[in-house]
Amino acid sequence: MPSTAPRQIRTLLAALCLLWSASIVAQEPTTGTPSKTRWRAEVGLGGEYDTNVSVDEVDLSSGQSDYAAIIDLELGVKRTLSERTEASLNYNASQSSYQEFSAVDRLTHILGADINTDLGKSNASLSAYYIDSRLDGDAFLKYTRISPSLSGFLSRRWFARGAYVYSEREIDNRSSRDAETQTGEADIYFFHRGLRSYFNLGYRYRDEDAVADELDFDAHSLKLRYIRRLDLWDRKVKLEAALRYEVRNYSSDEPTINEPRKDDRMRVKFDLELPMTQKLNWQWYLSYGDYISNLPRADFTQTIFGTRLQYSW
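FYI, the numbering for the sequence shown is -26 to -1, 1 to 287, going by mature numbering (1 follows the signal peptide of the UniProt record, and there is no 0).
Right, here's the structure in full:
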């Protein structure tokens, strides 16, 4: 089990070294293709209303509502290594500040790297991410994620993707919740009208091994998404509707209820993105979560409504 932050950092560094080695091997100097580097940045400012302020990682829900101000910044660089291979590096910082529940104000830093190679009829990818999240200025969560994936078109309208994900999680002052997770993912896409209208159906199997036996679980989850782009007021509006359902089965008795915990989690989300200018987008989102559990503190509902202005360059 992961017990210290250095182990997570070593895991991430090993993954980044693998990405770097793969990028060197992937370069094809004989093609004469010049390297191309592209930078991007994005800043967002918004707010949301949460009917049940919660910290999912520790099964904490207040049962109270609150407003939060949200600001985030993202920086990225993408480099073309050859005719078929490109690598990217991304950094994201996000701050959520609540009006009443300042104890769950969260600052999150995310560092990620990806390398993608076109294999002809398919695309291979390897990604590594490290997340550091703080609550009210104090250390809270460290999370490392490494994932190889393979994707490609099955026909003109059908696209498939499969991935394996390995992750390590460490929660400050709650070492019993530290965990290693292995996940298998499969997604299929149907492009009804290209990128203007398409469906995504996905399945995920997750096996989590925590320090505390009562927190070990396996989970099956399904997701269904529909994305539609349409012209409205001379602007290209993006609409998305998503449904996610997950069943978690815990392997050992939970001491507070003297039986294994069982969760059914359902979440519905709607997103609207309206371009204001070529670089400025106005986003709206609404989500509803129904979390059913035989563990009382993990049994609750939550509705979140928010809006955000996003500027990209």
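Beta carbons: idealized from backbone N, C-alpha and C, even for Gly.
Counting C-beta pairs with one atom in each stretch, the region 227 to 246 and the region 259 to 269 have three or more that are closer than 8 Å, which means they touch.
Residue environment: Thr11 is assigned as exposed (fewer than 16 neighbouring CB atoms within 10 Å of its CB, all protein chains considered). Shown here, Arg151 sits in a helix according to DSSP, grouped into three states.
Only buried fits Asn90, as 16 or more other CB atoms lie within 10 angstroms of its CB. As DSSP reads the structure, Ala87 sits in a beta bridge with Leu63 and Ala102. Comparing alpha carbon positions, the residue from Ser286, Asp183, Trp287 and Gly280 closest to Ser70 is Gly280.
DSSP links Arg143 through a beta bridge to Tyr117 and Ala153.
Taken in chain order, the complete alpha helix (DSSP H) segments of 4 or more residues contained in the region 169 to 222 number zero; there are none. DSSP places Arg271 outside any beta strand (DSSP E), giving it a letter other than H or E. Between Arg178 and Thr155 a beta carbon distance of about 11 Å is seen, past the 8 Å cut, so the two are scored as non-contacting. Between Ile201 and Glu182, the CB-CB gap reaches or exceeds 7 Å. Taking Lys95 as the centre and dropping the five residues before and after it, the same chain places the C-beta of Gly126 closer than 6 Å to its C-beta, in chain order. For Gln38, the closest alpha carbon among the candidates Ser286, Arg108 and Thr277 is that of Thr277.
Non-local beta-carbon contacts of Phe191 in its own chain, meaning distances under 7 Å to residues more than five positions away in sequence, involve Glu182, Arg222, Asn223, Tyr224 and Ser225 in chain order. Under DSSP, Glu159 takes part in a beta bridge, and its partners are Ala137 and Arg178. With respect to the 7 Å criterion, Leu19 and Leu248 are not classified as neighbours on the basis of their beta carbons.
In this structure, Glu31 and Leu115 form a Cβ contact; the two beta carbons are roughly 6 Å apart against a cut-off of 8 Å.
Around Tyr23, the same chain offers Tyr41 and Phe279 as residues with beta carbons nearer than 6 Å, after the five sequence neighbours per side are excluded. Shown here for Asp92: same chain residues with a beta carbon closer than 6 Å to its own, the five before and five after excluded, namely Arg58 in chain order.
Remark: C-beta atoms of Val27 and Phe75 approach each other more closely than 7 Å.
The criterion of a C-beta distance shorter than 7 Å is not satisfied by Val211 and Leu217. Counting along the chain, the unbroken beta strand (DSSP E) around Asp40 starts and ends at Asp40 to Thr54. C-alpha of Ala67 to C-alpha of Glu48: approximately 6 Å in a straight line. Look at Ser76 here: in three-state DSSP terms it is helix.
Residue pairing of Leu283 in beta bridges, as defined by DSSP: Leu19 and Trp256.
Under the DSSP assignment, Met240 falls in the beta strand (DSSP E) whose first and last residues are Glu233 to Pro249. With a threshold of 16 other beta carbon atoms within 10 Å, Asn255 meets it and is buried. Nearest C-alpha to Phe164 among Gly158, Thr157 and Tyr172: Tyr172. Only residues of its own chain outside the window of five on either side were considered, and among them Asn268 and Leu269 have a CB closer than 7 Å to the CB of Ile231, listed in chain order.
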